[in-house]
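> Numbering (the working numbering), first residue to last: 3 to 419.
Note that CB positions come from ideal geometry on N, CA and C, so glycine has one too.
Fair warning: this is a prediction, and the values are worked out from it, not measured in the lab.
Just passing along the structure, written as structure tokens.
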Amino acid sequence: MQKIVVGGGVPLRGEVRISGAKNAVLPILCAGLLGDAPLVVRNVPNLHDVKTTLRLLAELGAGITLDDSFTIRIDPTRVRNHVAPYELVKTMRASVLVLGPLLARHGAAEVSLPGGCAIGSRPVDQHIKGMQALGAEVAVEHGFIKARARRLRGARVVFDMVSVGATENVLMAATLAEGRTVLENAAREPEIVDLAECLVAMGARIEGAGSDRIVVEGVERLDGGEHAVVADRIEAGTFLVAAAMTGGAVTATHARPDTMSVVLDKLRDAGAALECDGDRIHLEMRGRPRAVDLTTAPHPGFPTDMQAQFMALDCIAEGTGVVHENIFENRFMHVQELLRLGADIRVEGNTAIVRGVPRLSGAPVMATDLRASASLVLAGLVAEGDTTIDRIYHLDRGYENIEAKLSALGARIRRID
Ligand code: EPZ
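Given below as structure tokens:
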């Protein structure tokens, strides 16, 4: 089991290149199943979840070639298998995103129920409801979602709650359905806009992506195409919070500041000086951050994927920050570990009250989920002494070479076996 050791007390300085967004590339790779010709995806981040998705697509029969280390070509023309097995789906819930494409392109799909994960039960009822609305017969049995449809028919789909994955699954399925589909109460995340841009490049007809009402005119077939994945706003946010916590001066390059305004505003509230210039975001921080209050919400609200990172900032900030987690029922797994580093946090239901302390002290801690592990790295960057983080496979799922990027900014961080 690999671990990461982080030494505290070094202000981060320099430039960090932001990679393609994990939460955009995963649905976009699945969208490659929809076309009659290869899809070329550029700016692909080198993540464990990307490798898992490519294994799944290959399992289904798609041809996968790496044109270079950031460009992947998916050839869907020999897909014959429509079953996404439990072994793969249990390691990555985003595997459920092959459901819509397989159903729309091949009229059949069997996808293992993803099961829960550390941050919550993560049901897929909205995905199933959407496929049924498009005319599919869906049975859930023996741990599998089994869906069939001669040809999907366009429909009005009203989601019971805002769901990024369900919006993506239904959006992809609707591109090949007969007639018009209207998605109401759709998620508005920038990753959905990016997926829609990729689908349009393949020949889909989509209006309104990024709003809560998306209209899709079904077409007979989709081509391949080319698409460059949008920058990862969560990776960018994570590095900027690290810069703010360590009192440093960092420039994130190849970023998309227009997709992260609520995070940038929160960093300003914490006392950081920020300048955006095209795809570059420069942050400078002098002295100790001020505590900020957070309430997570669907985009354009404060992103739940940045909650753990800002909690780490509040741990060493001036004052007290109140954190409300409204998206997932169990996304405070990092609290117990931050307490081991000397933080002062009290949890009441989905609210955490974080009283800033002057300093944390390094200790062995354990990662539990992707963003929780990021918050432990950030805390380690400011704790006195070394912090050793175990189970860092969580980190590798969503951050490309995080210790190389942090080392290049001056951090004392290394991976040990
Ligand atoms: C996506 O997960 C992201 N993952 C998550 O990022 C992110 O936290 C989440 O959206 C919210 O922004 C990917 O894009 C691969 P949801 P997803 O469906 O689609 C409930 C990270 O750290 N729900 O928007 O699974 C659900 O339980 C990961 O990068 C249902 O009840 O999230 C949750 O409470 C973590 N029924 C809420 O809705 C459903 O059918 C939002 O979930 C679907 C969801």
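Quick one, are the C-beta atoms of residue 372 and residue 399 less than 8 Å apart?
Translated into the one-based positions of the sequence shown, residue 372 becomes position 370. Translated into the one-based positions of the sequence shown, residue 399 becomes position 397. Going by C-beta atoms, residue 372 is nearer than 8 Å to residue 399.
> Mind checking whether the beta-carbon of residue 204 lies closer than 7 Å to any heavy atom of the ligand EPZ?
Along the sequence shown, read from residue 1 onward, the residue named residue 204 stands at position 202. Every heavy atom of the ligand EPZ is 7 Å or more from the Cβ of residue 204, so no.
> Which value, in whole angstroms, describes the spacing of the CA atoms of residue 324 and residue 61?
Mapped onto the sequence shown, residue 324 falls at position 322. Mapped onto the sequence shown, residue 61 falls at position 59. Answer to the nearest angstrom: the Cα atoms are 45 Å apart.
> Where does residue 377 sit, in a helix, a strand or coil, going by DSSP?
Within the sequence shown, the letter at position 375 stands for residue 377. Three-state result, residue 377: helix.
> Please give the ranges of any beta strand (DSSP E) in the region 216 to 275, keeping only runs that are unbroken, at least 3 residues long and fully inside the region.
The region 216 to 275 contains these whole beta strand (DSSP E) runs: 227 to 230, 251 to 255.
> Of the choices 356, 361, 368, 364, whose alpha-carbon is the least far from that of residue 335?
On the sequence shown, position 333 is the one that residue 335 refers to. Measuring from the Cα of residue 335, the nearest candidate turns out to be 368.
> What would DSSP say about residue 77, mapped onto helix, strand or coil?
Here residue 77 is taken as the residue at index 75 of the sequence shown, counted from 1. Residue 77 falls in the strand class under three-state DSSP.
> Apart from the five residues on each side of it in sequence, which residues of its chain come closer than 8 Å, Cβ to Cβ, to residue 180?
Against the sequence shown, residue 180 aligns to sequence position 178. Excluding sequence neighbours, residue 180 sits near 153, 154, 155, 156, 220.
> Exposed or buried, what is residue 84 when buried is set at 16 or more other beta-carbons lying within 10 Å of its beta-carbon?
Residue 84 sits at position 82 when you count from the first residue of the sequence shown. So residue 84 counts as buried.
> Among the residues of its own chain, which have a CB less than 8 Å from the CB of residue 424, if the five just before and after it don't count?
Not covered by the structure: residue 424. The range shown for the chain is 3 to 419.
> How far does the alpha helix (DSSP H) with residue 342 in it reach, from first residue to last?
For the purposes of this step, residue 342 is identified with residue 340 of the sequence shown, where counting begins at 1. Per DSSP, residue 342 belongs to the alpha helix (DSSP H) from 335 to 342.
> Please report how far the alpha carbon of residue 195 lies from the alpha carbon of residue 242, in whole angstroms.
Position 193 of the sequence shown, counted from the first residue, corresponds to residue 195. Position 240 of the sequence shown, counted from the first residue, corresponds to residue 242. So the alpha carbons of these two residues sit roughly 23 Å apart.
> I'd like the span of the beta strand (DSSP E) that includes residue 162, first residue to last.
As a position in the sequence shown, residue 162 is number 160, starting the count at 1. Segment: none, residue 162 is in no beta strand (DSSP E) and carries neither H nor E.
> Please classify residue 504: does DSSP put it in a helix, a strand, or coil?
Past the edges of the chain, shown from 3 to 419, lies residue 504, and the structure says nothing about it.
> Could you check which residue in 78, 120, 125 has the C-alpha nearest to that of residue 98?
In the sequence shown, the residue the question calls residue 98 occupies position 96. Among 78, 120, 125, the Cα nearest to that of residue 98 belongs to 125.
> In whole angstroms, give me the CA-to-CA distance for residue 284 and residue 277.
Within the sequence shown, residue 284 is the residue found at index 282, counting from 1. Within the sequence shown, residue 277 is the residue found at index 275, counting from 1. When rounded, the distance between both Cα atoms is 5 Å.
> So, under 8 Å CB-CB, residue 453 and residue 231 are touching, yes? Tell me the CB distance rounded to an integer number of Å.
In the structure displayed, the chain extends from 3 to 419; residue 453 sits before or after that span and is not available.
> Do residue 249 and residue 287 have their C-beta atoms within less than 8 Å of each other?
Numbered from its first residue, the sequence shown carries residue 249 at position 247. Numbered from its first residue, the sequence shown carries residue 287 at position 285. Yes.
> I need the DSSP call for residue 203, collapsed to helix, strand or coil.
By one-based count along the sequence shown, residue 203 stands at place 201. Three-state result, residue 203: helix.
> Measuring CB atoms only, is the region 25 to 40 touching the region 246 to 261, in the sense that at least three cross pairs come out at less than 8 Å?
The region 25 to 40 is not in contact with the region 246 to 261.
> Run through the DSSP bridge pairs and tell me what residue 366 is partnered with.
Here the question's residue 366 lines up with position 364 in the sequence shown. Residue 366 is bridged to 390.
> Quickly, what does DSSP pair residue 296 with across the bridge? List them, please.
Residue 296 sits at position 294 when you count from the first residue of the sequence shown. In DSSP, residue 296 forms a bridge with 325.
> Alpha carbon to alpha carbon, what distance is there between residue 44 and residue 71?
Numbered from its first residue, the sequence shown carries residue 71 at position 69. Numbered from its first residue, the sequence shown carries residue 44 at position 42. So the alpha carbons of these two residues sit roughly 9 Å apart.
> Beta-carbon within less than 7 Å of residue 329's beta-carbon, same chain only, minus the 5 sequence neighbours each way: which residues are those?
Reading the sequence shown from its first residue, position 327 is the one you call residue 329. Here the set comprises 298, 306.
> My assumption, with CB atoms under 8 Å, is that residue 138 sits in contact with residue 151. Please give the rounded CB distance.
Position 136 of the sequence shown, counting from 1, holds the residue named residue 138. Position 149 of the sequence shown, counting from 1, holds the residue named residue 151. Contact flag correct, Cβ pair sits at about 4 Å.
> Would you say residue 374 and residue 362 are within 8 Å of each other, going by their C-beta atoms?
For this step, residue 374 is matched to residue 372 along the sequence shown. For this step, residue 362 is matched to residue 360 along the sequence shown. Result no, Cβ atoms of residue 374 and residue 362 do not sit closer than 8 Å.
> Excluding sequence positions up to five away, which residues of its chain have a Cβ less than 8 Å from the Cβ of residue 332?
Residue numbering aside, residue 332 sits at position 330 when the sequence shown is read from its first letter. Closer than 8 Å at the Cβ level, and outside the excluded window around residue 332, lie 120, 121, 122.
> Between which two residues does the beta strand (DSSP E) holding residue 67 run?
Along the sequence shown, one-based indexing puts residue 67 at 65. Unbroken beta strand (DSSP E) run through residue 67: 65 to 70.
> Is the distance from the Cβ of residue 401 to the Cβ of residue 237 below 8 Å?
On the sequence shown, residue 401 is found 399 positions in, with the first residue counted as 1. On the sequence shown, residue 237 is found 235 positions in, with the first residue counted as 1. In this structure, residue 237 lies closer than 8 Å to residue 401 by Cβ.
> Distance, Cα to Cα, residue 149 vs residue 205?
Working through the sequence shown from its first residue, we reach residue 149 at position 147. Working through the sequence shown from its first residue, we reach residue 205 at position 203. Computed Cα separation, rounded: 25 Å.
> Starting from residue 61, trace the alpha helix (DSSP H) in both directions and tell me its first and last residue.
One-based indexing of the sequence shown puts residue 61 at position 59. Residue 61 -> alpha helix (DSSP H) spans 50 to 61.
> What are the uninterrupted segments assigned as alpha helix (DSSP H) that are 4 or more residues long and contained completely in the region 4 to 38, given in chain order?
Qualifying alpha helix (DSSP H) stretches, in chain order: 24 to 33.
> Shortest alpha-carbon distance to residue 383 belongs to which of 140, 246, 50?
The sequence position of residue 383 within the sequence shown is 381, counting from 1. Looking at the Cα atoms, 246 is the closest of the given residues.
> On the three-state DSSP scale, how would you describe residue 84?
Here the question's residue 84 lines up with position 82 in the sequence shown. Coil, per DSSP.
> Assuming contact is defined by CB atoms lying nearer than 8 Å, are residue 223 and residue 257 in contact in what I supplied?
The residue you call residue 223 lines up with position 221 of the sequence shown. The residue you call residue 257 lines up with position 255 of the sequence shown. Cβ atoms of residue 223 and residue 257: not closer than 8 Å.
> When DSSP labels each residue in this structure, what does residue 146 get in the three-state scheme?
Your numbering for residue 146 matches position 144 in the sequence shown. Strand.
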